[in-house]
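Novice:
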Amino acid sequence: MKLTPEMLTGKSREHLVNLPTTHSSNHFLQTQAVQAFQALQQSAAKNGFNLQPASSFRDFERQQLIWNSKFKGERKVHDDAGKALDLNQLDDWQKCQAILRWSALPAASRHHWGTEVDIFDPDLLPRGQSLQLEPWEYEKGGYFFELSEFLAENLPHFDFALPFMNMQSNKKVGREPWHISYLPLAELASQQFSPEILQQAWKGENILGQTV
1 MKLTPEMLTG
11 KSREHLVNLP
21 TTHSSNHFLQ
31 TQAVQAFQAL
41 QQSAAKNGFN
51 LQPASSFRDF
61 ERQQLIWNSK
71 FKGERKVHDD
81 AGKALDLNQL
91 DDWQKCQAIL
101 RWSALPAASR
111 HHWGTEVDIF
121 DPDLLPRGQS
131 LQLEPWEYEK
141 GGYFFELSEF
151 LAENLPHFDF
161 ALPFMNMQSN
171 KKVGREPWHI
181 SYLPLAELAS
191 QQFSPEILQQ
201 AWKGENILGQ
211 TV
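So for the sequence shown, UniProt numbering puts the first residue at 1; every next one is plus one.
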């Protein structure tokens, strides 16, 4: 499917259908990605996991809100160890680099494409504990570690991958063991995306730090 610039940048939902879940009606993906994710869910269930989306499609406005809130210090920005950073000690360029470690710029997020899902298992989340979507939750000693082990072994069978894992230490993007991508469609979207599309999507938009 050829995506329009609006679809690639989170400014259109025309490429999406609802992803039915037990706890929310606000999840959307492309049709083929929905079918693949549901097959993955069924496999996970047979292995004792309640695989659910924490986040799927995210529109431009939502990504813009996340970005601007972090830039203003209203939302946590953390280092690789999960420790909150004091953005007041950083200049605007450094703020952008710190935010980009875990959050894409508006119009540049893979979540706009309808191919990406942040996953968790609500049955494994301790009572009273809110989901953080931080690496320690999914790594050895974390409550989603066994789920991560299952996914590492089984994602390729359903054409999913972990695009932000096994990152080199010099990469500016952090590890995201919760973020899975439906490769057949994500690779097509990546090929269609361009700097020109990104710049066009930013015109007239309020994105803090954009001028740096």
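Glycine included, every Cβ here is placed at the ideal spot set by N, Cα and C.
According to DSSP, simplified to helix, strand and coil, what is Ser69?
Specialist: Here the question's residue 69 lines up with position 69 in the sequence shown. DSSP places Ser69 in helix when its eight states are reduced to three.
Novice: Which of helix, strand or coil does DSSP assign to Val117?
Specialist: Numbered from 1 along the sequence shown, position 117 holds the residue referred to as residue 117. Of the three classes helix, strand and coil, the one that applies to Val117 here is strand, per DSSP.
Novice: Spell out whether any CB of chain B is found under 8 Å from the CB atom of Ala44.
Specialist: Protein chains in the displayed structure number just one, and chain B is not present.
Novice: Should the stretch 113-125 be regarded as contacting the stretch 95-103, the criterion being three or more beta carbon pairs within less than 8 Å?
Specialist: The stretch 113-125, when compared against the stretch 95-103, does not touch it at the 8 Å Cβ threshold.
Novice: In three-state DSSP terms, what is Val34?
Specialist: For this step, residue 34 is matched to residue 34 along the sequence shown. Val34 falls in the helix class under three-state DSSP.
Novice: Between Lys2 and Gln191, which are expected to be in contact by the criterion C-beta below 8 Å, what is the C-beta distance as a whole number of angstroms?
Specialist: Mapped onto the sequence shown, residue 2 falls at position 2. Mapped onto the sequence shown, residue 191 falls at position 191. Going by Cβ atoms, the distance from Lys2 to Gln191 rounds to 10 Å, so no, they are not a contact pair.
Novice: Just to confirm the assignment, what range does the alpha helix (DSSP H) spanning Pro5 have?
Specialist: Here residue 5 is taken as the residue at index 5 of the sequence shown, counted from 1. Residues Pro5 to Leu8.
Novice: Rounding to the nearest angstrom, what Cα-Cα distance links Glu6 and Ser69 in this structure?
Specialist: Stepping through the sequence shown from its first residue, residue 6 is reached at position 6. Stepping through the sequence shown from its first residue, residue 69 is reached at position 69. Looking at the two C-alpha atoms, the distance is approximately 23 Å.
Novice: Measuring only the C-alpha atoms, how far is Ser194 from Phe164?
Specialist: Taking the sequence shown and counting its residues from 1, the one referred to as residue 194 is at position 194. Taking the sequence shown and counting its residues from 1, the one referred to as residue 164 is at position 164. In a straight line, the C-alpha of Ser194 is about 20 Å away from that of Phe164.
Novice: Should Ala44 go down as buried or exposed, given a rule of 16 or more other Cβ atoms within 10 Å for buried?
Specialist: Here the question's residue 44 lines up with position 44 in the sequence shown. Result: buried.
Novice: Excluding sequence positions up to five away, which residues of its chain have a Cβ less than 8 Å from the Cβ of Ser56?
Specialist: Counting from one through the sequence shown, the residue named residue 56 turns up at place 56. These residues qualify, in order along the chain: Leu19, His27, Phe28, Leu29, His111, Gly114, Glu116, Val117 and Asp118.
Novice: Is there contact between the stretch 154-162 and the stretch 60-67, where contact requires at least three CB pairs shorter than 8 Å?
Specialist: Counting Cβ pairs under 8 Å, fewer than three are found: no touch.
Novice: Between the Cα of Ala54 and those of Gly48, Gln32, Ile180 and Thr31, spot the shortest distance and give me the residue it belongs to.
Specialist: Your numbering for residue 54 matches position 54 in the sequence shown. The shortest C-alpha separation from Ala54 is found at Ile180.
Novice: Please confirm whether Tyr138 and Ser148 have their CB atoms less than 8 Å apart.
Specialist: One-based indexing of the sequence shown puts residue 138 at position 138. One-based indexing of the sequence shown puts residue 148 at position 148. Yes.
Novice: Anyone know if the C-beta pair for Lys83 and Leu208 falls short of 8 Å?
Specialist: Within the sequence shown, the letter at position 83 stands for residue 83. Within the sequence shown, the letter at position 208 stands for residue 208. No.
Novice: Could you give the residue range of the beta strand (DSSP E) that holds Ala54?
Specialist: Counted from its first residue, the sequence shown places residue 54 at position 54. Unbroken beta strand (DSSP E) run through Ala54: Gln52 to Ser55.
Novice: Since I believe Gly141 is in contact with Asp80 (beta carbons under 8 Å), could you give me their beta-carbon distance rounded to a whole number of angstroms?
Specialist: Counting from 1 along the sequence shown, the entry for residue 80 is found at position 80. Counting from 1 along the sequence shown, the entry for residue 141 is found at position 141. At roughly 16 Å, the Cβ-Cβ gap does not stay under 8 Å, so Asp80 and Gly141 are not in contact.
Novice: So Ala107 and Thr9 are in contact, right, with Cβ under 8 Å, and what is the actual spacing, rounded?
Specialist: On the sequence shown, residue 107 is found 107 positions in, with the first residue counted as 1. On the sequence shown, residue 9 is found 9 positions in, with the first residue counted as 1. Their Cβ separation, rounded to whole angstroms, is 4 Å, which keeps Ala107 and Thr9 in contact under 8 Å.
Novice: Within 10 angstroms of the Cβ of Ser25, are there 16 or more other Cβ atoms? Answer buried if so, exposed if not.
Specialist: As a first step, residue 25 is located in the sequence shown; it is residue number 25 there, counting from the start. It counts as exposed.
Novice: Which residues in the same chain as Asn88 place their Cβ atom closer than 8 Å to its Cβ, once the five residues preceding and following it in sequence are excluded?
Specialist: Position 88 of the sequence shown, counting from 1, holds the residue named residue 88. Taken in chain order, the residues that qualify are Gly73.
Novice: Since Ala161 and Leu183 should fall inside the 8 Å C-beta cutoff, what is the C-beta to C-beta distance between them, to a whole number of angstroms?
Specialist: Residue numbering aside, residue 161 sits at position 161 when the sequence shown is read from its first letter. Residue numbering aside, residue 183 sits at position 183 when the sequence shown is read from its first letter. Ala161 to Leu183, Cβ: 5 Å. Contact.
Novice: What residue range is occupied by the uninterrupted alpha helix (DSSP H) comprising Ile197?
Specialist: Counted from its first residue, the sequence shown places residue 197 at position 197. Its alpha helix (DSSP H) spans residues Pro195 to Trp202.
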